[in-house]
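See structure below.
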Amino acid sequence: MSRHPRVLYVTDLAYEARGRRYCDEDIFLTSRLRPSFDLALCHPLDAAALMDGFDVVVVRNSGPVLGHQDAYEAFRARALERGTNVYNPLTGRADMAGKQYLLDLTGAGYPVIPTVDRAADLRRLPAADRYVAKPKLGADSIGLRVVTPAELGELPFTDGLLVQPHVDFQYEVSFYFVDDTLQYALYAPDPGRRWDLRPYEPTAADREFARRFIEWNTLPHGIQRVDACRTPEGELLLVELEDLNPYLSLDLLDDATRDAFVWAMAASVRGAVAR
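Per this note's numbering, the very first residue in the sequence shown carries number 6; after that it's consecutive.
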């Protein structure tokens, strides 16, 4: 009798996020993936101890690793040491590795909100009425603060801080990829309500914008979310590139789009096992 691939699905069903119900998403996803895999769920604190018995470890809505940084680092080190098949792969260059990518992309001239991490580089930022300061190792706006130009000189850059101009924008839009294929896009028409999302039909230029960051990250497979904002001038700028455990807002999709995503994810995970 043929055996389905064994999947350890890492999630924190009790994690509470503003405007989102992570547990509902993972309950739905695992129910749909189970016919294709021998699947077990575990909390992120248990992943390192359990992962050896599975063909692939799928890290999904496990919450910000800041809440269990030591356990995550132990899991990551053990997985790399043993060559564990982790989905997404641990080679991600974006949020998986902190916010350094915002500096890298700024330096490389990508369309991203300009970002610096040293007081000496503040002069490189465009003039603004307000600036955003946030930790390099951050998530869910934890530690984020808005400061005036006069307050920039008081910021503790030695603590691993990033600074960006505060960008006024028309709306935020997110592009959701499985491997290198865009599955769908959602946007928040009200800038003050980030998670009040609506379906969004991307233009060819939008697709090219998002794909540039997927190609830059060079992940061989996995789920990624490209978050961007539309400036008053109509330009898209990258806000975040989520490659660790991006929330997918699957409950907002129509049945056909949701089914297509599940099929694509299942095929991607099977492909990861085959590799």
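Idealized CB from N, CA, C, for every residue including glycine.
Near residue i, what residues of its chain come up, given a Cβ to Cβ distance below 8 Å and the 5 sequence neighbours on each side ignored?
| i | result |
| --- | --- |
| residue 266 | 181, 183, 188, 189, 253, 255 and 258 |
| residue 119 | 111, 129, 130, 131, 169 and 170 |
Can residue i and residue j be called in contact, C-beta distance under 9 Å?
| i | j | result |
| --- | --- | --- |
| residue 216 | residue 185 | yes |
| residue 204 | residue 176 | no |
| residue 11 | residue 88 | no |
| residue 90 | residue 278 | yes |
Which residue's Cα is closest to the Cα of residue i: the options?
| i | options | result |
| --- | --- | --- |
| residue 240 | 250, 228 and 208 | 208 |
| residue 165 | 176, 159 and 140 | 140 |
| residue 172 | 157, 102, 126 and 117 | 117 |
| residue 149 | 156, 134, 167 and 157 | 167 |
| residue 114 | 135, 30, 44 and 218 | 218 |
| residue 251 | 36, 18 and 27 | 27 |
| residue 273 | 42, 30 and 156 | 42 |
| residue 102 | 86, 238 and 81 | 81 |
Does DSSP classify residue i as helix, strand or coil?
| i | result |
| --- | --- |
| residue 140 | strand |
| residue 43 | strand |
| residue 211 | helix |
| residue 193 | strand |
| residue 99 | coil |
| residue 131 | coil |
| residue 170 | strand |
| residue 6 | Because residue 6 sits at a pLDDT of 43, beneath the cut-off of 50, its placement in the model cannot be relied upon, and the following sentence gives the value as read from the coordinates. Note: residue 6 maps to coil in three-state DSSP. |
Among residues of its own chain, excluding the 5 on either side of residue i, which ones have a beta-carbon nearer than 7 Å to its beta-carbon?
| i | result |
| --- | --- |
| residue 224 | 93, 94, 96, 97 and 248 |
| residue 264 | none |
| residue 79 | 53 |
| residue 37 | 267 |
For residue i, which residues in the same chain have their Cβ closer than 6 Å to its Cβ, ignoring the five residues on either side in sequence?
| i | result |
| --- | --- |
| residue 124 | 162 |
| residue 232 | 179, 244 and 245 |
| residue 76 | 50 |
Identify the residues that DSSP records as bridge partners of residue i: which are they?
| i | result |
| --- | --- |
| residue 245 | 232 |
| residue 150 | 138 |
| residue 180 | 190 and 231 |
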